[in-house]
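So the structure is just underneath, and the comments pick up after that.
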Amino acid sequence: MKKYISNVISPKVSIAPMVDVTDRHFRYFLRILTKRPLLYTEMISCQGIINGNKNKLLDFNKVEKPLSLQIAGSTPEEIYEAVKIADNWDYDELNLNAGCPSDRVSGNFMGATLMAYPKLVKEMVDAMRSATKKPITIKHRIGIDGKNILPPSFHRTLLDSYQDMYDFISIVENSEIDRFIIHARIAILDGLSPKKNREIPPLRYEDVYRLKKEFPYLNMEINGGIKTLEEINHHLKFVNSVMIGRAAYNNSFMLREIDSLYNKDYINNISRKDVIEEFIPYIENLESLGENSFYAIKHIIGLFEGKPGSKRWKQILGTPASKNIKASALLKIALRELPKEVLYNL
Ligand SMILES: Cc1cc2nc3c(=O)[nH]c(=O)nc-3n(C[C@H](O)[C@H](O)[C@H](O)COP(=O)(O)O)c2cc1C
């Protein structure tokens with residue numbers, strides 16, 4: 069079979085899909101900090117897209133672009149239908165979730181469970197391909213422990229070796245996948261919580277590098293535990309791109325440095341004060357529309373991470389929603405109360 073060589077340029081850095089975090093408000097906030105990385109939506113299920121409120125689920129602000137829509141599904145038919153619908157929105161990429169370990173997802177034959185069914189994944193990607201001309205990517209783990217989830221007909225339920233991942237890629241690469249995003253840990257599907265699944269299985273970066281060496285023509289992005297620009301630069305020596313998840317949330321101000329990866333002469337001098345001031349009109353607009361703006365500020369807690377004032381910032385943002393104070397007013401309080409040197413300083 070002829071190899072598919074993608075002509076889609078990798079984003080260098082992307083900000084990971086995170087349910088309950090990477091909603092449209094957080095994405096707007098991220099774009100104030102950094103213009104270049106690819107952003108992801110939260111994972112949305114095929115059934116949600118097919119049966120749910122499509123505008124509510126799929127609408128986004130064009131400043132969030134480039135933006136990838138992450139979809140979870142389990143059959144070629146439903147993913148075809150979901151992608152056909154989503155193709156009417158201006159997403160830059162459609163991403164298949166083959167890495168989520170949560171019971172709700174993997175227990176329903178979606179997410180990481182799919183790694184045990186590479187031929188099905190191939191069919192799903194083929195279905196996505198026939199529904200859109202946009203780039204298609206897949207986010208998966210380096211393997212799974214499917215002890216309690218895979219049927220007895222599986223002679224092995226621990227698919228965690230390098231060879232297992234190699235075999236998975238060897239099959240799914242026969243469909244037109246523009247980028248493989250590999251979370252460098254296995255997913256343990258026997259009831260371990262998603263949070264523990266991001267902490268307990270060890271990171272195996274070397275396996276991802278090796279995979280890239282063995283499939284040099286595939287675009288490969290590494291994910292898992294990456295926190296700093298130095299670490300990003302290190303990984304970029306071995307793979308095409310890097311995905312950052314929790315660091316974008318816990319220490320969002322560090323994202324400011326990322327644009328320089330795309331243009332080394334570009335220095336992003338935005339200060340925390342600038343970021344808050346740019347976010348206030350967005351929050352005020354939500355308030356004028358009667359939306360819950362307290363919800364929109366809860367994800368920006370990492371802006372002062374490691375700096376004096378971080379505790380006070382979290383206290384201010386944590387003020388319970390009330391009729392007597394608006395979220396925009398809390399941001400203005402922060403501008404008055406937080407140490408000037410941290411607000412202005414780089
Ligand atoms: C709160 C939260 C929600 C997540 N939701 C998703 C999701 O919807 N889809 C997905 O593929 N991964 C999801 N993940 C996993 C991340 O995308 C990423 O793979 C993981 O956090 C490892 O990267 P990190 O160490 O840089 O955080 C989530 C992670 C967190 C912390």
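The letter at position 92 of the sequence shown is residue 160 when you use the working numbering, and the numbering goes up by one with no holes.
Glycine included, C-beta positions come from ideal geometry on N, C-alpha and C.
Beta-carbon proximity check, residue i vs residue j, cutoff 8 Å
i, j, result
"Met183", "Leu226", "no"
"Leu329", "Ile365", "no"
"Ile217", "Ser170", "no"
"Gly377", "Val410", "yes"
"Thr181", "Gln138", "no"
"Gly313", "Met86", "yes"
"Arg209", "Gly167", "yes"
"Val276", "Val310", "no"
C-alpha distance - residue i paired with residue j, whole-angstrom precision
i, j, result
"Lys202", "Leu162", "7 Å"
"Ile393", "Leu406", "19 Å"
"Asn336", "Asp327", "7 Å"
"Ser320", "His93", "14 Å"
"Asn353", "Val131", "15 Å"
"Leu304", "Ser221", "40 Å"
Proximity test, residue i beta-carbon vs ligand 1 heavy atom, cut-off 7 Å
i, result
"Arg266", "yes"
"Arg197", "no"
"Lys366", "no"
"Lys207", "yes"
"Cys168", "yes"
"Arg314", "yes"
"Asn291", "yes"
"Asp88", "yes"
"Ile204", "no"
"His251", "yes"
"Ile294", "yes"
"Glu373", "no"
"Pro105", "no"
"Glu110", "yes"
"Gln138", "yes"
"Asn165", "yes"
Those residues which DSSP pairs with residue i across a bridge
i, result
"Pro205", "As written in the sequence, residue 205 is Thr, which differs from the Pro given in the question. DSSP lists Asn163 and Arg247 as partners of Thr205."
"Ala140", "Ser113"
"Ile254", "Gly211"
"Glu289", "Ile249 and Ser309"
"Val81", "Val310"
"Tyr108", "Ser136"
"Ile335", "Paired residues: none, contrary to the question."
Residue i burial status per 10 Å Cβ neighbour count (16 or more: buried)
i, result
"Tyr334", "exposed"
"Phe128", "buried"
"Glu241", "buried"
"Ile351", "buried"
"Leu357", "exposed"
"Ala389", "exposed"
"Arg253", "buried"
"Ile237", "buried"
Check: residue i C-beta below 7 Å from any heavy atom of ligand 2
i, result
"Ala154", "Within the structure as shown, ligand 2 is missing, the only ligands being ligand 1."
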